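At position 171 of the sequence shown the residue is numbered 350 (our numbering), and the sequence of numbers has no breaks.
Everything below concerns the one structure shown next.
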Amino acid sequence: MGLLSDPNRRRALINLLTRLNAPICVLCYFAGVCWFMGLAFEPFTLRTYMSENAMGSTMVEERFPSGERALATGREFAAHKKKVGGMPVDWLVKTMQARGLEVFTQSFSRTLPFPDEDKERYIVKGTNVYGILRAPRAARTEALVLSAPCSPGDNNNQAVGLLLGLAHYFRGQIFWAKDIIFLVNEHDLIGMQAWLESYHHTNTTGMDWSPLQGRGGSIQAALSLELSSDVITSLDIVLEGLNGQLPNLDLANLFYAFCQKIGVLCTIQGRLQRNDWDSVSGYSHAVQTMMLMVMKQASGRPWGDHGLFLRYHIEAASIKGINSFRQYKTDITTVGRLLEGMFRKLNNLLERLHQSYFFYLMPSLSHFVSIGYYMPAFGLLAVILLLRALDLWVQFVSPPAVTADGVGDVEQSSPGALSVLTPLVISHLTGAALYILPTRFQEIAVEHFPVSETEAVVLTAIAVYTAGLALPHNTHRLLSGEGTEQGWRVLKLVAVLYLAILLGCTALINFSLGFILALTLVPVAAFVTPHVPKTLSAVVLVILSPACTLLLSVFFFQELQEMPVSFQDGWLMYLSVISQGILDHHLYGSLVYPLIALMVYPCWLLFWNILFWK
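The structure is reproduced here in structure tokens:
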């Protein structure tokens, strides 16, 4: 405190920080990147452990015996699905009723803002079927959910068969203290969204659905099951939900504990755990696994039906069966016993899962990185913005240059307010246009150009984004004439502080998205000025812009999945990612697209404006 309270020492510290500002910024950037890359090194991570006492032991005896019967039910479900050309509602109702459940249906419909060409749908209508097994040993104030989506074709038939088999088996047990809801939802996430909104009496997306006629208690946890093969080689757990939300870590720990007990190969991000962490290949494997989680979390989209439960504070995960070339095989009976064990442990909960972490990264299922370990990596990048803001503030408040006749250069030290406010306003108006126009002008684009509605939305977004590069960079001259030297410094000071607050708030909600944006935007914010070479700097700014960051992320994600693509295929995937991002926002409330359009892109335009300041 003495260092800051003493004016002389404080002045000396400020002079040191301003004199060594650039080297310190470069050092902090590389230190932040190295810190993040070191998080996957096993000695720097924490071993997973069960924090919830009620789930601390896996000493339950799993007895589920009906794997073959579940497969037969799945084949029967597939035949009826093929016969009716969709969800066999009547058959599901009769089958659930035969298993002693209280069965209800829910119809829903949703008109998409533009056609979803990936799944070939525009007007979506469907029906959800769910059965409730009432708790025989409690007041029925709490519930658990087991869901399986009714997928097109031959996908996920085995999951529905196993769900019905577990319902029949659970009906004969007397130890359930919570209602268990068995849900088969149509049209994947849209059906799940309709069911959750109706269950909780909310309508945040404008979807039409019929009210639920039957309810259980307050949902404590949920599992979504995806199986498309009679035998599997491994089970993969999917954690990433809407807007980067993650379930409580104890849910992943519970899955891992029962996989270890029963002897099932388990993966995360589709990757098995390796024990050679001290080798280069072992470390590389852990880094790639962690980076896959970062990329999925940063996308903000739900990567399974479980992702929509998280917004209602319901801990949920998706379990996917993988049938690969490995010789090790697991039958459906073993998978059923694993789910039985997990539900029996969740049945013991006296309160919601809250003891373990909600913010974490996982380089493997046996190790995790907590928020206290990965936040310093972001902090080292964010401190660069504060150092640059300090440097700009010192330059701004320093006395103006004195000419030979002893008169201060007042014009250079007193920028007009319009020279700063004009680019701020126009940049944000451009961002608002990027957010609003693509969906509003799709019909006009289709009438005048030979494109589909989806192509019209994506191409309009790209056109508005590109037009923004030409519009704002001389806006400070519209009302105030030539810009001043101090004018761009004030604008950069505002932009740097704006970016620091924006990235800080984003990282608190979705660390992965905030960190990726910081990696690309912090160098831009730190070193752009009107005095650097224009052409080279403009190319660098475009490469580090949000749009190019997304394009590079598409190729990087494919490389992490060991599925590299050509530039042409990558470009088509890039266009699909843009359309899906806009759809996810309108359908489920994903915040990534409005965040980029309304805040990140306008902030980047301010630095583009500074580069071309005259």
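Idealized CB from N, CA, C, for every residue including glycine.
All values derive from a computational prediction rather than experimental measurement.
- When secondary structure is reduced to three states using DSSP, serine 330 falls in the coil class, being assigned neither helix nor strand.
- The alpha carbon of leucine 544 has as its nearest neighbour, out of Ala277, Cys782, Leu404 and Thr468, the alpha carbon of Thr468.
- Between glycine 647 and leucine 777, the gap from beta carbon to beta carbon reaches 8 Å or more.
- By the 16-neighbour rule on beta-carbons within 10 angstroms, aspartate 367 is buried.
- Under the criterion of beta carbons closer than 8 Å, threonine 685 and leucine 676 do not qualify as touching, at roughly 15 Å.
- Annotated three-state conformation of asparagine 200 is helix, per DSSP.
- Taking C-beta atoms as the reference points, arginine 505 and threonine 446 fail to come closer than 8 Å.
- Judged by their CB atoms, glutamine 372 and tyrosine 767 are nearer to each other than the 8 Å cut-off.
- Ranked by Cα distance from asparagine 364, the first of Asn382, His379, Glu405 and Gly344 is Glu405.
- In the three-state scheme derived from DSSP, where H, G and I count as helix and E and B as strand, asparagine 232 is classed as helix.
- The shortest C-alpha to C-alpha distance from alanine 561 to any of Leu206, Ile369 and Ile353 is the one to Leu206.
- In this structure, DSSP gives glutamine 372 a helical state, which the three-state scheme calls helix.
- Taking valine 733 as the centre and dropping the five residues before and after it, the same chain places the C-beta of Gly749, Met752, Tyr753 and Val756 closer than 8 Å to its C-beta, in chain order.
- Rounded to whole angstroms, the separation of the alpha carbons of proline 481 and tyrosine 772 is 14 Å.
- Annotated three-state conformation of phenylalanine 575 is helix, per DSSP.
- CA-to-CA, the gap between leucine 638 and glutamate 741 works out to about 29 Å.
- Distance from the CA of arginine 394 to the CA of serine 326, rounded to the nearest whole angstrom, comes to 15 Å.
- For the set Leu291, Glu231 and Leu391, the Cα lying nearest the Cα of asparagine 307 is the one of Leu391.
- Rounded to the nearest whole angstrom, the C-alpha separation of glycine 479 and arginine 190 is 44 Å.
- In the DSSP annotation of this structure, the continuous segment of the beta strand (DSSP E) that includes threonine 446 starts and ends at 445–447.
- Contact between the segment 222–234 and the segment 528–535 is present: three or more C-beta pairs spanning the two stretches fall below 8 Å.
- For arginine 350, the enclosing alpha helix (DSSP H) begins and ends at 336–350.
- Relative to the Cα of proline 602, the nearest Cα in the group Thr618, Asn527, Tyr780 and Asn454 belongs to Tyr780.
- Cβ contact annotation for glycine 344 (same chain, cutoff 7 Å, sequence separation greater than five): Ser245, Arg248, Ala249, Thr252 and Gly515, in chain order.
- Around the Cβ of isoleucine 615, a 10 Å sphere holds fewer than 16 other Cβ atoms; the residue is exposed.
- In the three-state DSSP reduction, glutamate 405 falls in the strand class (E or B).
- In the three-state DSSP reduction, aspartate 415 falls in the strand class (E or B).
- In the structure shown, isoleucine 493 falls within a coil segment according to DSSP collapsed to helix, strand and coil.
- When DSSP reads this structure, arginine 300 sits in a beta bridge with Asp295.
- Residue pairing from DSSP leaves phenylalanine 354 without any beta-bridge partner.
- In the DSSP assignment, the residues bridged to asparagine 307 are Gln285.
- In this model, phenylalanine 243 and leucine 375 are separated by some 29 Å (Cα to Cα).
- Apart from sequence neighbours up to five positions away, the residues of its chain that approach glutamine 448 with a beta-carbon distance below 7 Å are Thr468, Leu471 and Met472, ordered along the chain.
- One alpha carbon belongs to isoleucine 511, the other to proline 328, and they sit about 17 Å apart.
- Here tyrosine 507 is exposed: its Cβ has fewer than 16 other Cβ atoms, across all protein chains shown, within 10 Å.
- Burial check for proline 202: the Cβ neighbour count within 10 Å stays below 16, so the residue is exposed.
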